[in-house]
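In the order they appear, the protein sequences are chains F and P.
The number in the numbering used here is simply the position in the first sequence, starting from 1, with 151 added.
The number in the numbering used here is simply the position in the second sequence, starting from 1, with 809 added.
Some notes on the structure that comes next.
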Amino acid sequence: GDSVTQTEGLVTLTEGLPVMLNCTYQSTYSPFLFWYVQHLNEAPKLLLKSFTDNKRPEHQGFHATLHKSSSSFHLQKSSAQLSDSALYYCALSFQGGSAKLIFGEGTKLTVSS
Amino acid sequence: AQTIHQWPVAEIKAVGSPLSLGCTIKGKSSPNLYWYWQATGGTLQQLFYSITVGQVESVVQLNLSASRPKDDQFILSTEKLLLSHSGFYLCAWSPLGENTLYFGAGTRLSVL
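And the structure:
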């Protein structure tokens, strides 16, 4: 079946170090991949969405590349900031406006000074 | 611009009591609507979705029900709350034909 796997439940970094959060997926059809970010006591917000033309989406210094060969959509940032501390969810959906969106288990990122 | 409003912001309810949570989307016609639930420290679990008025599909059975009485309104309810219903309830919408979800601010429910 279709699924999303985030292998790290918790990532702890020092400010200024690079960020990489892993996301791999299994999908029957060609999917769209998303990263959502949820700060404490807030609702999740869209951070990034994969493009159909293989462009690399970027937002707030974060970027992710969809690699179909390895079924991955890892989230990266060159330099972590304290304000990046949050829950990050990778999610998968399908073309055509399907109502099915599958979330991974989430990765809690904690950035300290 | 589209706005999504959830109510109430928070609820404290007794086990066995009824519950009704609501969600309204303004500025977008015929959106797909969703209910998600998040246990404390847990992931996002899709409960229901609706692609049109009067039609609701259940994804997970949690002794909850949902209805879409109007194009812009989505209601989550139960007649008898369980302790396990505690958590964060999120309404979300996506534009017709698209797959990006936009979440409301959520309702935090404590069942005692």
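We treat Cβ as the ideally placed atom computed from N, Cα and C, and that holds for glycine.
(request) Tell me, please, whether the CB atom of residue 195/F is closer than 9 Å to any CB atom in chain P? (result) Walking along the first sequence from the start, residue 195/F turns up at place 44. Chain P contact via Cβ: present.
(message) Using DSSP's beta-bridge definition, name the partner residues of residue 908/P.
(response) Taking the second sequence and counting its residues from 1, one reaches residue 908/P at position 99. The beta-bridge partner set that DSSP reports for residue 908/P is empty.
(request) From the DSSP output, in three-state form, read off residue 874/P for me. (result) Position 65 of the second sequence, counting from 1, holds the residue named residue 874/P. Strand, per DSSP.
(request) Run down chain P in chain order and give the residues with a C-beta less than 7 Å from the C-beta of residue 256/F. (result) Along the first sequence, one-based indexing puts residue 256/F at 105. Around residue 256/F, the beta-carbon contacts reaching into chain P at under 7 Å are 852.
(request) Decide yes or no for the touch test of the stretch 219 to 228 of chain F against the stretch 811 to 830 of chain P: beta carbon pairs closer than 8 Å, at least 3 of them. (result) Contact between the stretch 219 to 228 of chain F and the stretch 811 to 830 of chain P is absent, because fewer than three Cβ pairs lie under 8 Å.
(request) Determine which residues of the stretch 886 to 900 of chain P have a Cβ less than 8 Å from any Cβ of chain F, and write them out in chain order. (result) Taking 8 Å as the upper bound on Cβ-Cβ separation, chain F lies near residues 899 of the stretch 886 to 900 of chain P.
(request) Give the interface partners of residue 183/F over in chain P, defined as CB-CB distance under 7 Å, in chain order. (result) Numbered from 1 along the first sequence, position 32 holds the residue referred to as residue 183/F. For the C-beta of residue 183/F, the chain P residues within less than 7 Å are, from N- to C-terminus, 908.
(message) Using only CA atoms, which one of 915/P, 831/P, 909/P lies nearest to residue 841/P?
(response) Position 32 of the second sequence holds residue 841/P. Out of 915/P, 831/P, 909/P, 909/P has the C-alpha closest to the C-alpha of residue 841/P.
(request) Give me whichever residues DSSP pairs with residue 896/P in a beta bridge. (result) Locating residue 896/P in the second sequence gives position 87, counting from the first residue. Bridge partners of residue 896/P: 918/P.
(request) Quick one: give me the first and last residue of the beta strand (DSSP E) that residue 820/P is part of. (result) Position 11 of the second sequence, counting from 1, holds the residue named residue 820/P. Boundaries of the beta strand (DSSP E) harbouring residue 820/P: 819 to 822, taken from the DSSP string.
(request) Spatial neighbours of residue 212/F within its chain, please: CB distance less than 6 Å, with the 5 preceding and 5 following residues excluded, ordered by chain position. (result) By 1-based counting over the first sequence, the position of residue 212/F is 61. These residues qualify, in order along the chain: 228.
(message) Is there a Cβ of chain F sitting closer than 9 Å to that of residue 914/P, yes or no?
(response) As a first step, residue 914/P must be located in the second sequence, where it is residue number 105. At least one chain F Cβ lies under 9 Å of residue 914/P.
(message) Here's the rule: buried if 16 or more other CB atoms are within 10 angstroms of the residue's CB, otherwise exposed. What is residue 869/P?
(response) What you label residue 869/P is simply residue 60 of the second sequence in a count that begins at 1. Per the 10 Å Cβ criterion, exposed.
(request) Measuring only between beta-carbons, confirm whether residue 200/F sits less than 9 Å from chain P. (result) For the purposes of this step, residue 200/F is identified with residue 49 of the first sequence, where counting begins at 1. It does: the Cβ of residue 200/F has a partner Cβ on chain P nearer than 9 Å.
(request) Along the beta strand (DSSP E) that carries residue 237/F, what are the first and last residues, could you check? (result) Along the first sequence, one-based indexing puts residue 237/F at 86. Per DSSP, residue 237/F belongs to the beta strand (DSSP E) from 237 to 245.
(message) Please report the straight-line C-alpha distance between residue 864/P and residue 855/P, rounded to a whole angstrom.
(response) For this step, residue 864/P is matched to residue 55 along the second sequence. For this step, residue 855/P is matched to residue 46 along the second sequence. In a straight line, the C-alpha of residue 864/P is about 16 Å away from that of residue 855/P.
(message) Looking at chain P, is there any beta carbon in it that lies within less than 9 Å of the beta carbon of residue 219/F?
(response) Here the question's residue 219/F lines up with position 68 in the first sequence. For residue 219/F, the answer is no, since every Cβ of chain P falls outside 9 Å of its Cβ.
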